[in-house]
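Asker: Be aware that the sequence shown starts at 1, since it is given in full-length UniProt numbering, and climbs by one per residue. Backbone N, C-alpha and C fix where the C-beta goes; we use that ideal spot for every residue, glycine too. Could you have a look at this structure, given as structure tokens, before my questions?
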Amino acid sequence: MNQLLAIRAFARVVEAGSFTKAADSLDMPNASLSKLVQELESHLGVRLLQRTTRRVTVTPDGQDYYEKTALILRNLEDVDTSFNIARSKPRGQLRVDTGGSTASEVLIPALPEFLARYPDIRIDLGVSDRSVDMVSDNVDCVIRGGPLDNSSLVARLIGEAKMVTCATPEYLKQYGVPAYPEELKNGHRLVAYMLAQSGRAIPFRFLRDGEKTEIKIEHRIGVNESNGHMAAGLAGLGIIQTFAYAAGAAIKDGTLVEILQPWRPAPYPFHVVYPQNRHVPQRLRVFIDWLVETFPQRLG
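Rendered as structure tokens:
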């Protein structure tokens with residue numbers, strides 16, 4: 001038995017929660033992966049995983065073994081990296097996930113510079129406003145805005161985005177320009193951004209002189225994807241509250257008009273997030289450093 005390979009195979013099954021997903025991420029036949037784990041269990045004389053037709057669960061012995069060997073694997077990978085990093089260029093595939101408008105307005109326009117700097121790195125970009133399971137979906141990192149609620153992930157702040165409230169000139173001509181946030185309750189039509197996971201509408205938020213205001217009224221239309229949300233605003237369906245980087249060009253050319261400027265919401269934080277129990281390869285390290293260098297100006 002190749003014990004190191006077997007330990008790595010077992011760890012990936014624990015992280016992915018599935019033999020099939022673990023085998024795919026390791027580019028290994030499912031049968032070979034299963035055999036490695038069985039050999040490891042025989043070597044240790046304990047059951048590490050409980051298998052059923054529907055799911056794989058980690059036994060108490062398996063959880064204990066995973067936690068102890070995960071540290072060994074990370075230390076070994078750090079040693080390898082310290083020897084390789086000085087004489088090798090970052091290379092390989094990165095799987096990155098981010099939201100719609102962040103991809104189209106911020107990340108993709110900036111990627112030519114990154115790929116020119118690191119020509120041996122390939123990027124598979126997943127674009128969706130729906131949260132992914134980073135481990136089971138085998139994603140290296142996620143770029144997301146808003147508060148973080150998962151303590152099992154490592155997060156690094158990469159910038160803050162200004163927020164604006166805006167509508168088309170035609171809409172404002174028909175319904176009037178609100179002078180303060182509470183006026184939105186007087187017959188105005190709002191286009192809500194809906195959370196993709198829960199379907200909950202994000203309230204319109206405002207901030208002035210340290211005082212926060214939230215407007216929760218029934219929206220005319222709700223959209224759960226950021227590019228679609230912007231399109232609804234451009235179509236004149238109502239007032240939207242969105243990122244300045246997404247609406248900036250339309251505001252500049254007069255297609256949209258910013259309103260309620262004195263009540264601009266607080267800046268929206270963006271983070272790059274990755275699993276804390278997974279080794280951070282050199283290609284991911286340089287990508288994260290590049291995001292920290294590039295994103296603040298582009299988000300602002």
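Please work out which residues of its chain come closer than 6 Å, Cβ to Cβ, to Leu237, disregarding the five sequence neighbours upstream and downstream, and give them in chain order.
Answerer: Counting from 1 along the sequence shown, the entry for residue 237 is found at position 237. Result list for Leu237: Val191 and Ile221, in chain order.
Asker: Enumerate, from N- to C-terminal direction, the unbroken beta strand (DSSP E) stretches of 3 or more residues contained entirely within the stretch 111-176.
Answerer: 121-127, 141-145, 153-161 and 163-167
Asker: Return the bridge partner residues of Leu94 from the DSSP annotation.
Answerer: Taking the sequence shown and counting its residues from 1, one reaches residue 94 at position 94. Ile123.
Asker: Give the single residue among Ser25, Gly300, Glu214 and Leu40 whose Cα lies nearest to the Cα of Trp263.
Answerer: For this step, residue 263 is matched to residue 263 along the sequence shown. Of Ser25, Gly300, Glu214 and Leu40, the residue nearest in Cα terms is Glu214.
Asker: Taking Thr102 as the reference, which of Leu76, Gly62, Leu44 and Lys162 has the closest Cα?
Answerer: Position 102 of the sequence shown, counted from the start, is the residue given in the question as residue 102. The shortest Cα separation from Thr102 among Leu76, Gly62, Leu44 and Lys162 belongs to Lys162.
Asker: In whole angstroms, give me the CA-to-CA distance for Ser34 and Val127.
Answerer: On the sequence shown, position 34 is the one that residue 34 refers to. On the sequence shown, position 127 is the one that residue 127 refers to. Spanning the two alpha carbons is a distance of roughly 32 Å.
Asker: Identify every residue that forms a DSSP beta bridge with Phe206.
Answerer: Here the question's residue 206 lines up with position 206 in the sequence shown. Answer is Thr213, bridged to Phe206.
Asker: Just mark Ser226 as buried or exposed, buried being the case when its beta carbon has 16 or more other beta carbons within 10 Å.
Answerer: As a first step, residue 226 is located in the sequence shown; it is residue number 226 there, counting from the start. Classification for Ser226: buried.
Asker: May I ask which residues mark the beginning and end of the beta strand (DSSP E) holding His229?
Answerer: Your numbering for residue 229 matches position 229 in the sequence shown. Element bounds for His229: not the beta strand (DSSP E) but the alpha helix (DSSP H), Ser226 to Leu234.
Asker: Do the CB positions of Phe204 and Gln261 come within less than 7 Å of each other?
Answerer: Translated into positions along the sequence shown, residue 204 becomes position 204. Translated into positions along the sequence shown, residue 261 becomes position 261. The answer is no: Cβ separation not under 7 Å.
Asker: Ordered along the chain, which non-local residues of its own chain (more than five positions away) have a Cβ less than 6 Å from that of Gly145?
Answerer: The count along the sequence shown starts at 1 and reaches residue 145 at position 145. Within the same chain, Gly145 has close Cβ partners Tyr268 and Phe270.
Asker: Would you mind sorting Ala86 into buried or exposed? The rule is 16 or more other CB atoms within 10 Å of its CB.
Answerer: For the purposes of this step, residue 86 is taken as residue 86 along the sequence shown, with counting starting at 1. Residue placement at Ala86 is flagged as unreliable, the pLDDT there being 49, under the threshold of 50; the coordinate-derived value follows with that caveat. Ala86 should be labelled exposed.
Asker: Beta-carbon separation of Ile121 and Arg283 under 7 Å?
Answerer: Residue mapping note: residue 121 aligns to position 121 of the sequence shown, counting from 1. Residue mapping note: residue 283 aligns to position 283 of the sequence shown, counting from 1. Yes, Cβ-Cβ distance for Ile121 and Arg283 is below 7 Å.
Asker: Determine the burial state of Arg95: buried for a count of at least 16 other Cβ atoms within 10 Å of its Cβ, exposed for fewer.
Answerer: As a working mapping, residue 95 is identified with position 95 in the sequence shown. It counts as buried.
Asker: Please classify Val164: is it buried, with 16 or more other beta-carbons within 10 angstroms of its beta-carbon, or exposed?
Answerer: What you label residue 164 is simply residue 164 of the sequence shown in a count that begins at 1. Buried is the call here.
Asker: Between which two residues does the beta strand (DSSP E) harbouring Pro296 extend?
Answerer: Residue mapping note: residue 296 aligns to position 296 of the sequence shown, counting from 1. Segment Gln282 to Leu299 is the alpha helix (DSSP H) holding Pro296; no beta strand (DSSP E) there.
Asker: Need the endpoints of the alpha helix (DSSP H) that Asp258 sits in, please.
Answerer: Mapped onto the sequence shown, residue 258 falls at position 258. Here residue 258 turns out to be Glu, not Asp, going by the sequence shown. Here Glu258 belongs to no alpha helix (DSSP H); instead the beta strand (DSSP E) covers Val257 to Ile259.
Asker: So for Ala86, helix, strand or coil by DSSP?
Answerer: In the sequence shown, counting from the first residue as 1, residue 86 sits at position 86. In this predicted model, Ala86 has a pLDDT of only 49, less than 50, meaning its place in the structure is not dependable; the value taken from the coordinates is given anyway. Looking at Ala86 - three-state DSSP - the assignment turns out to be coil, as it is neither helix nor strand.
Asker: Under a Cβ-count criterion, where at least 16 other Cβ atoms within 10 Å of its own Cβ denotes burial, should Val106 be classed as buried or exposed?
Answerer: The residue you call residue 106 lines up with position 106 of the sequence shown. Taking all protein chains in view, the Cβ of Val106 is crowded by 16 or more other Cβ atoms within 10 Å, so the residue is classified as buried.
Asker: Around the C-beta of Glu72, are 16 or more other C-beta atoms found within 10 angstroms, so that it is buried, or is it exposed?
Answerer: Along the sequence shown, read from residue 1 onward, the residue named residue 72 stands at position 72. Note that residue 72 corresponds to Ile in the displayed sequence, not to Glu. Ile72 comes out exposed.
Asker: My output table needs one value for Pro52: the three-state DSSP class, helix, strand or coil.
Answerer: Here the question's residue 52 lines up with position 52 in the sequence shown. The displayed chain sequence assigns Thr, not Pro, to residue 52. Looking at Thr52 - three-state DSSP - the assignment turns out to be coil, as it is neither helix nor strand.
Asker: Pick out whichever of Ser131, Arg54 and Val56 has its Cα sitting closest to the Cα of Gln197.
Answerer: By 1-based counting over the sequence shown, the position of residue 197 is 197. Closest by alpha carbon: Ser131.
Asker: Could you check the C-alpha separation between Phe243 and Tyr193 for me, to the nearest Å?
Answerer: Locating residue 243 in the sequence shown gives position 243, counting from the first residue. Locating residue 193 in the sequence shown gives position 193, counting from the first residue. Each residue's alpha carbon lies about 12 Å from the other.
Asker: Determine the extent of the beta strand (DSSP E) in which Val14 is found, giving its start and end residues.
Answerer: Here residue 14 is taken as the residue at index 14 of the sequence shown, counted from 1. Premise fails: Val14 lies in the alpha helix (DSSP H), Gln3 to Ala16, not in any beta strand (DSSP E).
Asker: When the Cα of Ala266 is compared with those of Thr98, Lys212 and Gly199, which residue comes out closest?
Answerer: Here residue 266 corresponds to residue number 266 of the sequence shown, with the count starting at 1. Checked all of Thr98, Lys212 and Gly199; the closest Cα to Ala266 is Lys212.
Asker: Short of 8 Å in beta carbon distance, which residues of its chain neighbour Ile217, apart from the five on each side in sequence? Order them along the chain.
Answerer: As a position in the sequence shown, residue 217 is number 217, starting the count at 1. Leu184, Lys185 and Leu190.
Asker: Give me, in chain order, the residues of the same chain whose beta-carbon lies closer than 6 Å to that of Glu15; leave out the 5 immediate sequence neighbours on both sides.
Answerer: As a position in the sequence shown, residue 15 is number 15, starting the count at 1. Excluding residues within five positions, the ones whose Cβ falls inside 6 Å are Val135.
Asker: With which residues is His271 paired in a DSSP beta bridge?
Answerer: Sequence index remark: in the sequence shown, residue 271 carries index 271 (1-based). BP columns for His271 point to Arg144 and Leu157.
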